[in-house]
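First the structure, in the form of structure tokens, and then the observations on it.
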Amino acid sequence: MRQELAKRGKNIPVVTLVTQVVVDKNDPGFKNPTKPIGPFYTEEEAKKIAAEKGYVMKEDAGRGWRRVVASPAPVKIVELDSVKRLWDSTIVITVGGGGIPVIEKEDGTLEGVAAVIDKDLAAERLAEDVDADILMILTEVEKVSLNFKKPNQQDLATMTVAEAEKYIEEGHFAPGSMLPKVLAAVNFAKSKPGKKAIITSLYKAVDALEGRAGTVVTM
């Protein structure tokens, strides 16, 4: 990013900040871990690892067995104050990969937990906490669609929160793909009057900001 800015004659500092993200130790995701991580194992190897280490192991789409961990909702970004201080003078790249999941103990100390926080929901948490005007989520497609990749696919230029929640209930968005993006957009649009979220592709980002592309989610 710094190189691209320099090519355009803009001397703007860019900083990458690793963040810890607090999750609720009682999040229901911990009771039903679903996020696969790490290498693939045979069924025999997986059972041995589960017995020895207490890991939850599941078959992953016929490709082998993998450890699965929780994907809890982000509650608080630990380094939020640092992000805010850097924001005024730099471009801040942060909550990468959803951040490092931690729980906050009764004495205020932090403890790492085996989990993967969804990056879209973490980005929404950040956008809400810094009082951003717009949350833009970039993906591979220009617009959110109903009946994706089916003959009756319908691209959406706009969605209200109520419409988005209805489409979620009807199962239009794939878990681990478009669903968390739409959930993040809904959360942000609901966070404060006047807020809006945009879902689009990287190559349509500028057009989307100017109202010519993307899916805009509002109350």
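Residue 97 in the numbering used here is what sits at position 105 of the sequence shown, and the numbering runs on without skipping anything.
Glycine residues also receive a C-beta, built at the ideal position from the N, C-alpha and C atoms.
Here the structure is a predicted model, which means the values were calculated and not measured.
key: Length of the line joining the Cα atoms of LYS2 and ASP80   = Rounded to the nearest angstrom, the two C-alpha atoms are 16 Å apart.
request  = Please go through the region 38 to 63 and give each complete alpha helix (DSSP H) segment of 4 or more residues, from N-terminal end onward.
outcome  = Entirely contained in the region 38 to 63, not one alpha helix (DSSP H) run reaches 4 residues.
ask   = Do you know offhand how far VAL133's Cα is from ALA43's?
value = Between VAL133 and ALA43, the alpha-carbon positions lie close to 42 Å from each other.
task = In angstroms with no decimal places, state the Cα-to-Cα distance between VAL209 and GLU98.
result = For the pair VAL209 and GLU98, the Cα-to-Cα distance works out to about 38 Å.
Strand pairing of ASP147, partner residues [DSSP] = According to DSSP, ASP147 bridges with SER137.
message = Here's the rule: buried if 16 or more other CB atoms are within 10 angstroms of the residue's CB, otherwise exposed. What is TYR195?
response = By the Cβ neighbour-count rule, TYR195 is exposed, with fewer than 16 other Cβ atoms within 10 Å of its own.
ask   = PRO31 by DSSP, collapsed to three states: which one?
value = In this structure, PRO31 counts as strand in the three-state DSSP scheme.
query = In three-state terms, what does DSSP make of MET(-7)?
reply = Residue state, collapsed to three classes: coil.
query = Straight-line CA distance for GLU157 to ALA176?
reply = Their Cα atoms are separated by approximately 11 Å.
query = Around the C-beta of ASN179, are 16 or more other C-beta atoms found within 10 angstroms, so that it is buried, or is it exposed?
reply = A buried status is given to ASN179, since no fewer than 16 other beta-carbon atoms sit within 10 Å of its beta-carbon.
query = Between GLU37 and the rest of its own chain, which residues show a CB-CB distance below 8 Å, the 5 nearest in sequence each way excluded?
reply = Only TRP57 meet the Cβ criterion.
ask   = Given LEU102, which residues of its chain have a CB within under 8 Å of its CB, disregarding the five upstream and five downstream residues?
value = If we look at LEU102 and ignore the five residues flanking it on each side, its Cβ neighbours are GLN12, VAL14, VAL70, VAL94, ILE95, GLU96.
query = How do the region 116 to 133 and the region 186 to 203 stand: do at least 3 beta-carbon pairs fall below 8 Å, yes or no?
reply = Per the Cβ contact rule, the region 116 to 133 is in contact with the region 186 to 203 (3 or more Cβ pairs under 8 Å).
message = Quick check on the burial criterion: 16 or more other C-beta atoms within 10 angstroms. Buried or exposed for THR82?
response = It counts as exposed.
request  = Counting only the same chain and skipping the five closest in sequence on each side, list residues whose C-beta sits under 7 Å from that of GLY89.
outcome  = When the five nearest sequence neighbours on each side are left out, the beta carbons in the same chain lying within less than 7 Å of the beta carbon of GLY89 are those of LYS111, in order along the chain.
request  = Look up PRO93 in the DSSP assignment and give the residues it is bridged to.
outcome  = PRO93 pairs with VAL13.
ask   = Are the Cβ atoms of LYS182 and MET151 separated by less than 8 Å?
value = No.
ask   = Mapping DSSP to helix, strand and coil, what is GLY104?
value = Secondary structure at GLY104: strand, using DSSP grouped into helix, strand and coil.
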